[in-house]
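Peer 1: Mapping to this note's numbering: the sequence shown position 230 is 440, numbers consecutive.
Even glycine gets a Cβ: it sits at the ideal position worked out from N, Cα and C.
These numbers were taken from a predicted model, which means no experiment stands behind them.
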Amino acid sequence: MSNVFERPSLWQRLRPVFSGFDLPLMLGLLVLATLGMVTMYSAGFDHGTRFVDHGRNMLLAAIILFGVAQVSPQRLMQLAVPLYTLGVMLLVATALFGITKKGATRWLNVGVVIQPSEVLKIAMPLMLAWWFQKREGQLRTLDFVVAGLLLIVPVGLVAKQPDLGTSILILSAGLYVIFFAGLSWRLIIPILMAGAIGIAALVLSGDAICQDGVEWPVLRDYQKHRVCTLLDPTKDPLGKGFHIIQGMIAIGSGGITGKGLMNGTQTHLEFIPERTTDFIFAAYAEELGLVGVLGLIGAFTFVLMRGLMIAAEAPTVFTRLLAGSITLSFFTYAMVNMGMVSGILPVVGIPLPFISYGGTAMVTLGLALGMLMAIAKSRRLMQS
């Protein structure tokens with residue numbers, strides 16, 4: 211009789227908390243975290259406390275990831291509407307009462323200073339995944355129109371701050387959900403063709419439209435300068451083109467195997483601007499070369515493939531759409547950062563996941579990957 215009422219051991223009570231984690235995904239994230247710590251030490255050992263602070267931020271992201279992974283997908287779905295509503299309200303409050311720094315109104319004082327646009331990086335895919343879950347099996351064109359409106363409102367508010375980088379990330383996260391929900395290729399292909407034609411026209415007419423006095427509709431002057439600098443950074447090599455030129459020099463000078471950790475001349479002679487944040491990829495490529503870059507891209511690709519596999523195996527529309535959007539958004543961060551540092555894309559201030567220094571970005575990363583892990587974990591626990 212005593213065995214019937216025997217209390218479970220501590221491990222038996224904690225086992226559900228630690229079980230069900232997706233080991234391949236954890237392995238991929240561990241590789242990226244290790245590369246991030248090594249790179250930060252190499253690029254920032256003579257840059258104050260960046261290495262220690264990066265480790266602290268990474269530990270915080272790991273704790274957040276572990277905590278969010280315990281939340282069921284059903285609970286995540288319940289949080290979608292309140293979180294989206296709160297995020298939009300904070301963006302409106304920022305537009306009305308926000309703190310302006312360097313011409314941008316991106317911050318709001320609510321007792322502590324916050325950047326509300328970060329909330330939408332998480333809330334946007336949650337909201338749209340919830341929306342399409344509610345319309346499972348009865349999707350109409352109108353449903354995609356409503357989804358587009360839900361997406362455009364926060365993107366427009368963030369772009370108006372102005373914060374082009376964050377608005378692109380929120381827009382891409384929402385578009386990924388809409389794409390996975392079944393948007394017709396008949397609508398996608400014309401948009402892609404129009405984009406390709408627009409880029410080609412921009413490149414061919416760059417000299418004419420980048421002249422002083424030529425105004426661009428919609429875009430602000432600094433955004434115009436970013437695009438024009440991308441087209442020809444040598445026009446202002448000591449000014450607006452300095453970042454891109456020095457980044458490309460650092461990447462090219464790394465060669466096949468790199469100059470070795472802590473031996474990057476462009477990095478440690480302060481030629482690379484923001485060498486521990488947005489431009490850390492240039493420092494990484496200089497010191498580890500093409501071999502290191504291919505390894506980093508391989509690690510990101512592994513996480514991408516594993517995340518898409520988790521999405522494909524997810525049991526509900528909500529979890530499939532959310533997992534797919536989180537995975538592609540994570541990959542977008544990496545590819546946009548590498549592209550802008552390499553001179554392929556405009557400089558928009560997007561960090562390289564796990565590698566770049568930044569507390570807010572690391573917290574957002576922990577939240578997003580925690581939700582992806584929660585989806586993988588729920589499926590494994592259902593099968594066991």
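With burial defined as no fewer than 16 other Cβ atoms inside 10 Å of the residue's Cβ, what is the status of Arg436: buried or exposed?
Peer 2: Arg436 comes out buried.
Peer 1: For the putative contact between Ala586 and Asp353, defined by C-beta atoms under 8 Å, what is the C-beta separation to the nearest angstrom?
Peer 2: That belief does not hold up - the Cβ atoms of Ala586 and Asp353 are roughly 28 Å apart, past 8 Å.
Peer 1: I need the boundaries of the beta strand (DSSP E) containing Ala314, first residue and last residue.
Peer 2: Taken as a continuous stretch (DSSP letters only), the beta strand (DSSP E) holding Ala314 covers Ala314 to Asn319.
Peer 1: Would the region 568–579 and the region 324–340 be scored as touching if the rule is three or more Cβ pairs under 8 Å?
Peer 2: Contact between the region 568–579 and the region 324–340 is present, because at least three Cβ pairs lie under 8 Å.
Peer 1: I'd like the list of long-range same chain contacts for Cys438, defined as Cβ closer than 6 Å, with 5 residues on each side in sequence excluded.
Peer 2: So the list reads Cys420, once near-sequence residues are dropped.
Peer 1: Looking only at DSSP bridge pairs, what is Thr537 linked to?
Peer 2: Answer is none; Thr537 lacks a bridge partner.
Peer 1: Does the Cβ-Cβ distance between Gln456 and Phe491 come in under 8 Å?
Peer 2: No, the Cβ-Cβ distance between Gln456 and Phe491 is not below 8 Å.
Peer 1: Considering only residues of the same chain and omitting the five flanking positions on each side of Met211, which have a CB-CB separation below 8 Å?
Peer 2: Note that Met211 has pLDDT 46, beneath the 50 cutoff, so the model's placement of it is unreliable and no number is given.
Peer 1: Alpha carbons only, please: which of Trp341, Phe510 and Leu235 is nearest the one belonging to Phe528?
Peer 2: Out of Trp341, Phe510 and Leu235, Trp341 has the C-alpha closest to the C-alpha of Phe528.
Peer 1: Using the C-alpha atoms, what's the distance from Gly517 back to Pro525?
Peer 2: Pro525 and Gly517: Cα-Cα distance of roughly 14 Å.
Peer 1: Rounded to a whole number of angstroms, what is the C-alpha to C-alpha distance between Pro563 and Tyr543?
Peer 2: Whole-angstrom Cα-Cα distance: 7 Å.
Peer 1: Using the Cα positions of Arg589 and Met236, report the straight-line distance between them to the nearest angstrom.
Peer 2: About 16 Å.
Peer 1: Taking all protein chains shown into account, decide if Tyr432 is buried (16 or more other Cβ within 10 angstroms of its Cβ) or exposed.
Peer 2: Classification for Tyr432: exposed.
Peer 1: Under 8 Å between the Cβ atoms of Ser552 and Ala578?
Peer 2: Not a contact, by the Cβ cut-off of 8 Å.
Peer 1: Does DSSP put Lys311 in a helix, in a strand, or in coil?
Peer 2: Residue state, collapsed to three classes: strand.
Peer 1: State the DSSP-derived secondary structure class of Ile560, mapped to helix, strand or coil.
Peer 2: In this structure, Ile560 counts as coil in the three-state DSSP scheme.
Peer 1: Does the beta-carbon of Ala418 have 16 or more other beta-carbons within 10 angstroms, so that it is buried, or is it exposed?
Peer 2: So Ala418 counts as exposed.
Peer 1: Could you check the C-alpha separation between Thr310 and Gly465 for me, to the nearest Å?
Peer 2: In a straight line, the C-alpha of Thr310 is about 42 Å away from that of Gly465.
Peer 1: Along the alpha helix (DSSP H) that carries Ile409, what are the first and last residues, could you check?
Peer 2: Where Ile409 is concerned, the enclosing alpha helix (DSSP H) stretches over Trp395 to Leu414.
Peer 1: To which residues of the same chain is Gly470 closer than 7 Å at the C-beta, ignoring the five residues directly before and after it?
Peer 2: Closer than 7 Å at Cβ, skipping near neighbours: Glu497.
Peer 1: For Asn267 and Gly580, I'd like the C-alpha separation in whole angstroms.
Peer 2: The alpha-carbon atoms of Asn267 and Gly580 are separated by roughly 15 Å.
Peer 1: Tell me the residue span of the alpha helix (DSSP H) that contains Val262.
Peer 2: It spans Arg260 to Val278 - the alpha helix (DSSP H) in which Val262 sits, taken as one unbroken run.
Peer 1: Please determine if the region 276–291 and the region 503–523 are in contact, where contact requires at least 3 C-beta pairs separated by less than 8 Å.
Peer 2: No: fewer than three Cβ pairs fall under 8 Å.
Peer 1: List the endpoints of the continuous alpha helix (DSSP H) containing Asp431.
Peer 2: First-last of the alpha helix (DSSP H) with Asp431: Asp431 to Leu441.
Peer 1: With respect to the alpha helix (DSSP H) encompassing Thr376, which residues constitute its N-terminal and C-terminal limits?
Peer 2: Per DSSP, Thr376 belongs to the alpha helix (DSSP H) from Leu374 to Phe390.
Peer 1: Under the rule that 16 or more other beta-carbon atoms within 10 Å means buried, what is Leu440, buried or exposed?
Peer 2: Its Cβ being crowded by 16 or more others within 10 Å, Leu440 is buried.
Peer 1: Out of curiosity, what's the CA-to-CA distance linking Ile554 and Lys450?
Peer 2: The alpha-carbon atoms of Ile554 and Lys450 are separated by roughly 15 Å.
Peer 1: Classify Asn547 as buried or exposed, calling it buried when 16 or more other Cβ atoms lie within 10 Å of its own Cβ.
Peer 2: It is buried - the Cβ of Asn547 has at least 16 other Cβ atoms within 10 Å.
Peer 1: Leaving aside the five residues before and after Gly313 along the sequence, list all residues of the same chain whose C-beta is less than 6 Å from its C-beta, in chain order.
Peer 2: Excluding positions up to five away in sequence, the list is empty.
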